[in-house]
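If you're matching positions, the sequence shown starts at 303 in UniProt numbering and goes up one per residue.
Ideal placement from N, C-alpha and C gives every residue a C-beta, glycine not left out.
Here is the structure we will look at.
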Amino acid sequence: LGPNTYLLRAREREFGAHNYAPLPVAFQRGEGVWLWDVEGRRYLDMMSAYSAVSFGHSHPRLVQALTEQAGRLALTSRAYSNDRLPLLLERLCVMFGYERALPVNTGLEAVETALKAARKWAYQVKGVPTDAAEIIGCNGNFHGRSIGIVGLSSVAQYRQGFGPFPPGLLRIPYGDPQALEEAITPNTAAFLVEPIQAEGGILIPPSGYLARCAEICRRHNVLLIADEVQTGLGRTGRLLGSDHDGVRPDGIILGKALGGGLLPVSAFLADRAVMDVFTPGDHGSTFGGNPLGAAVALEVLDLLLETRIWEHAERVGRRMRERLRADCPPCVREIRGRGLLTGIELHPDGASAGLAAELLLARGIATRDTHRSVLRLSPPLIIEADLAEQAAATVCEVLAALPQ
Ligand code: PMP
């Protein structure tokens, strides 16, 4: 460790809660796909802050939108409206084909928002008795870490010691429509699903899975809610992850990249039949829908439409995975992904993906394990194909140096 890094890490360990185990690097500056640490070393960002920095670090147009808006008006709360939010709401609805949008800040908040909407919808519209509405989620999901949401998690670490959790949260195996059919009861409000389980290890369900789930939900009058926090906004090579199956969920959750990697902006989108269960005072937050976030998100959506970046992500991701498959050493069990969301699963009895991530850092590539055995590659969507291929070659070299 360099001296600057060492001192910063010592401080963080001394004064910070130990709820993360960051790799041994402290970044100071970012530009495009590059990051610089406090020792002046440069790294290729193959992480994008868990898929949030889609247009690269400090994109000039996003920085300009942020700074101009910050100099004009940043926060009013929802006690009043502002001159940015209505434009964002309209843009979200038109772009994604929903009647209403509810803005909040983080992905987790938008998931909670969706679940609250679904429960009240079940009560008010579907006629489920008070406090009896059920939500079905999937094993291996990641939707955030609030008490309400980890109540739906299958990951022991997220739950152990944090209970009790709200009732009415059920889980089924991911990728199995029959399991959904069997789990639905008259009290089921919604099925919450990720089009790809990103934090779960870049798990891609069988083709047609979401379409079958949509059909089952429709037949049972259950809402299909897609958590597109990570898969949305071009990451998987389509505008939305659900687009791979040609599905229009009853509600979608957007976050991460919506704030351009500059600030948290998230939203829940649905039609009136669902969203109009909310009445003034039901739900909200001080910062949700603030003009600063709205100005940046509007610019993000402009950039998305102008560049059709998902098409680039599809091409580059495909080439990167071809290169990985061609060069990968025997310790690799599987390479899977869509667009620029890729997982490299290592054989479970070999070296950990965490070790691979540390070695890659030493080679100037910033990435992380999502699991003991899965290394994730999720660079900014703007990455050039040659650079992505070069990075893939370096990843293979580093993996080849591990015990096979
Ligand atoms: N949903 C999904 C699919 C996610 O990947 C994440 C974050 N990794 C979240 C929700 C939570 O988002 P946030 O960290 O912004 O609360």
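Helix, strand or coil for residue i per DSSP?
i, result
"Gly439", "strand"
"His359", "strand"
"Thr647", "Position check: residue 647 holds Glu in this sequence, whereas Thr was assumed. In this structure, Glu647 counts as strand in the three-state DSSP scheme."
"His585", "coil"
"Tyr511", "helix"
"Thr672", "strand"
"Ile506", "coil"
"Thr378", "coil"
"Leu494", "strand"
"Phe329", "strand"
"Tyr476", "coil"
"Ile486", "coil"
"Ala703", "coil"
"Leu471", "strand"
"Leu346", "strand"
"Ile451", "helix"
"Gln366", "helix"
"Ala615", "helix"
"Ala351", "helix"
Quick one: Cα of residue i to Cα of residue j, how far?
i, j, result
"Gly553", "Arg520", "13 Å"
"His585", "Glu530", "21 Å"
"Gly536", "Ala528", "15 Å"
"Arg540", "Pro497", "12 Å"
"Trp338", "Arg331", "5 Å"
"Thr378", "Arg363", "24 Å"
"Phe589", "Gly595", "9 Å"
"Pro431", "Phe493", "18 Å"
"Glu624", "Gly639", "11 Å"
"Met348", "Glu341", "19 Å"
"Met397", "Arg313", "45 Å"
"Pro551", "Leu471", "20 Å"
"Ala655", "Thr369", "38 Å"
"Thr581", "Glu517", "30 Å"
"Gly619", "Pro488", "42 Å"
Identify the residues that DSSP records as bridge partners of residue i: which are they?
i, result
"Ala569", "Pro405 and Leu556"
"Arg638", "Gly645"
"Gln692", "Note: Gln692 sits in no beta bridge, so no partner."
"Ile667", "Leu346"
Just mark residue i as buried or exposed, buried being the case when its beta carbon has 16 or more other beta carbons within 10 Å.
i, result
"Gly591", "buried"
"Ala628", "exposed"
"Asp433", "exposed"
"Ala444", "Correcting the residue type first, residue 444 is Phe in the shown sequence and not Ala. Buried: at least 16 other Cβ atoms inside 10 Å."
"Ile646", "buried"
"Pro681", "buried"
"Val353", "Strictly speaking, residue 353 in this sequence is Ser, with Val absent from that position. Ser353 is buried by the Cβ-count criterion."
"Gly505", "Sequence inspection shows Leu at residue 505; the Gly mentioned does not correspond to that position. Flag for Leu505 reads buried."
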